[in-house]
Structures are given as structure tokens and as C-alpha cells.
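Heads up: the sequence shown begins at -12 in my numbering, then just goes up one per residue. We treat Cβ as the ideally placed atom computed from N, Cα and C, and that holds for glycine.
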Amino acid sequence: MLSRRQILLAPLLLAGCGKGAEHRTRPLFAADTHPDEYPTVQALHAIDRLLDERTNGEMRVRVYAGGQMGAEKDTLEITVFGGLDLNRVNLAPLNSIVPETIALALPFIFRSVSHARAVFDGSVGRTILDAMRRHGLHGLCYYDSGARSFYNTKRPIRTPDDLRGLKIRVQNSDIYVGMVQALGANPTPIPYGEVYQALVQGVVDGAENNWPSYESSRHFEVARNYSLTRHVLAPEVLVASERSWNRMTAEERSYLQAAAIDSVPIMRDMWDARVESSKFRVLQSGIKLVEDIDHAAFAERMLPVWDQFLTTPELRALADDIVNVSADDSEEATDD
Ligand code: GTR
């Protein structure tokens, strides 16, 4: 059965049903939940510019930003179905579609931002992108998402016990539900676009996210205690619909893949700058920043969560591979 959104998107879908030659007459449709100035959306615009230059305008990307195509869980369905060609999502909503992505979502699996970047850029990262093909998606590249930390309207969090009993918004992913439960809080999955109201109305007491999202979503105006738990450093992901991919010529595919890869360092520069400016803006607003976190206590609570989610030898091997990737961890994490 078609969902309401799939029916709404029927025109996009039909426009995408042509053969290779017809395909080039329309741009690739891309979705992102963030507003236009956010680095992930700017990365999609960068891909559009690169494709425009390299194909003399034959390939272009039309970006639907600000969540106008719906929540990430829904836009992913639409992407698998072929109604969207490109989709920039967080890793979390992919966890239930592509089991291999769970390895990257494990709390505290990354030692530092440089470790995370080495994994995204290396062979483990590629293996996980390739696994997406079995699920109707073509993984093109990862983008930075920095470190996620807890924030709330009630009190400063320093230890897991400080979270006890709080209602915490989580993304649509079982691993986030398991993580928050293991910390003694109550997880509530809510789409990103609805979290601000949920915080205002007290439906939830807190959430967790990186500096740029905490700022851009205006959650910082309501949830004034930001605790640098840095529990998850999972990436953002750019996927293509496997259906759209299969409709492209080999040449179009290589242009698209190359533009995606070339957009990664462009996005990384914008990301690092945005982390700094977001952090500056929210600190200026007078939020309470909690830095003396008992990270060891948080990490210890996550051990059963790893066991709960590493359910196959393949997933365990992927997690081991991630841990074994070497990186210059002495380097200061860029978003602390
Ligand atoms: C942001 C991420 C979004 C979305 C959001 C959320 O950091 O960029 O794609 O996943 O978090 O918490 O829902």
C-alpha cells in the first residue's frame, strides 16, 4: 500500500521513471532535514555545483532542505521506493534497515574525531556503505556529525545517575532506545522537527545532539544544561536510491560518486567552522556547559548495550575492525 507521503510524491516518482536519456532532462532530487545554511545541505549544493561544472549542466541536484520531504525515517522509505534520488540522513534511521550500520552507532566506539574520520574514510567505512545495496540504497559517502552530547531542561548531568528518570528524546533507532534505557532514563523516539515543541511542552526533558544541531534547532533556548558526554560520534550518510542508481548510465554514476567523494573535504571544512560558531553562539546565550563528565561511568553502562546489539559474528568483527583502526588520537578533538 502506498503511504500518504508516497502518494504526495507521485509526481517526483513519475518524473524518475524514464530511461537513461530521459533521466538527464531532470535534476536529481535530494532531501535533507536541516535548513539551507547547515553544512550537510551546503554539501548537497556543492555536489550540484561540481556536477554542473563537470557535465556542462547535464547533471544537476535539486535540494529539498528543511525536512520538507518529511522525517528521515519516511524519506528513507521514499528513497528505497525511488521517489527521491539522493538523501542525506543521520546514521541512526539506517540502523533498522542496514544492520551493518549498528557498528558505527555504538556508544563510545570512537576514541576521537580523528579516529572516527579515519574509519569513515577507510575500508570499514566503505564496507558498510557497500552493504546498503542489499537494502535498496547506494551509500555514496559519509559526512561529519561531530560528537553527540546530552542536554536537558532540568539539571546538569555529570554521571549516568543524574539522568535517572528523565524523559529523553531519541532518534528512530533501537540502539538509542537501548542506550538511554541503560542510563536509567526514559527514551522517547520523536522526529527531529518536532523536538523543539516537545521540549517546550515538557513532553520530554531533554535530548542529545552535536553543537550545530543543538544551536540550529534552537533546542538550546529551552534545554539550557549541555553536558559534554560525547557518547556517539556516528556520521551523517549520503545515500542514493538503488533504483535511481540503476537507471543511470555508467558515466553518470561515476560523475555522481566522484562529486560525492569530493564534497566530503568541502563539508568537513564547513563543519569545523560551524561547530565553532554554534558553540560560540550558544555559550554567549548563557547556557550551562558541564565539562566534568564521568566518561568511564557512562562507558561502563554501555557494555551490555554493545552485547545487546552485536548479535552476529559479522557485526562483532566490524566493531573490532573499527576499534583497531589507528589514528592520531593525541590530536585534540575538534568539537570539544
Ligand atoms: C542531527 C542530524 C540529523 C538528525 C538529527 C536528529 O545531528 O544531522 O540528520 O538525525 O540529528 O537528532 O534527529
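Hey, would you say the C-beta of N77 is under 6 Å away from at least one heavy atom of the ligand GTR? yes
How many whole angstroms separate the CB atoms of F339 and G193, which I take to be in contact at a CB cut-off of 8 Å? Any question about residue 339 goes unanswered here, given that the chain covers just -12 to 323.
For T20, count the other beta carbons within 10 Å of its own beta carbon; 16 or more makes it buried, fewer makes it exposed. Which is it? So T20 counts as buried.
Using alpha carbons as the reference points, say which of M289, S313, T140, G126 lies closest to Y163. M289
Let's test the definition: count the other Cβ atoms within 10 Å of the Cβ of T66 and tell me whether it reaches 16, buried, or not, exposed. buried
Proximity winner among D35, T146, V48, S272, relative to E278 (alpha-carbon distances): Cα-wise, what sits closest to E278 is T146.
Just how far apart, CA to CA, sit I248 and D117? 14 Å
Determine the closest residue to Y213 out of K266, F16, P291, with distance taken between C-alpha atoms. K266
Closer than 6 Å: S200 CB and nearest the ligand GTR heavy atom: yes
Considering L155, what are the terminal residues of the beta strand (DSSP E) in which it resides? Here residue 155 is Ile; the residue named in the question, Leu, does not match the sequence. Where I155 is concerned, the enclosing beta strand (DSSP E) stretches over 154 to 157.
Excluding five sequence neighbours on each side, which residues of the same chain lie with their C-beta closer than 6 Å to the C-beta of M166? Excluding residues within five positions, the ones whose Cβ falls inside 6 Å are P94, V292.
Inter-residue Cα distance where the pair is V191 and F207: 14 Å
Whole-angstrom distance between M46 and L153, CA atom to CA atom: 48 Å
Going along the chain, which unbroken runs of the beta strand (DSSP E) with 3 or more residues stay wholly within the stretch 39 to 99? Qualifying beta strand (DSSP E) stretches, in chain order: 48 to 51, 73 to 77.
Cα-Cα separation, D315 to A105: Straight-line Cα distance between these residues: approximately 9 Å.
With DSSP run on the structure shown, which of helix, strand or coil describes L243? helix
Selection from V100, A283, D131, A221 that minimises the alpha carbon distance to D148: Checking every option, the nearest Cα to that of D148 belongs to A283.
Which residues bound the alpha helix (DSSP H) around Y138? Run containing Y138: none in the alpha helix (DSSP H); it sits in the beta strand (DSSP E), 135 to 139.
With DSSP run on the structure shown, which of helix, strand or coil describes D308? helix
Expressed to the nearest angstrom, what Euclidean distance is found between the alpha-carbon atoms of G54 and P22? 8 Å
Just to confirm, does Y179 get its C-beta within under 6 Å of one of the non-hydrogen atoms of the ligand GTR? Distances taken from the Cβ of Y179 to the heavy atoms of the ligand GTR include one shorter than 6 Å.
Which partner residues does S214 have in the DSSP bridge list? F137, V277
Using the three-state DSSP reduction, which class does P199 fall into: helix, strand or coil? Collapsing the DSSP output to three states places P199 in a helix.
Quick one: using the 10 Å Cβ neighbour count with 16 as the cut-off for buried, is N43 buried or exposed? exposed
Return the chain-ordered list of same chain residues with a C-beta closer than 8 Å to the C-beta of V269, the five sequence neighbours on each side being excluded. The answer, listed in chain order, is W198, Y201, E202, F207, Y213.
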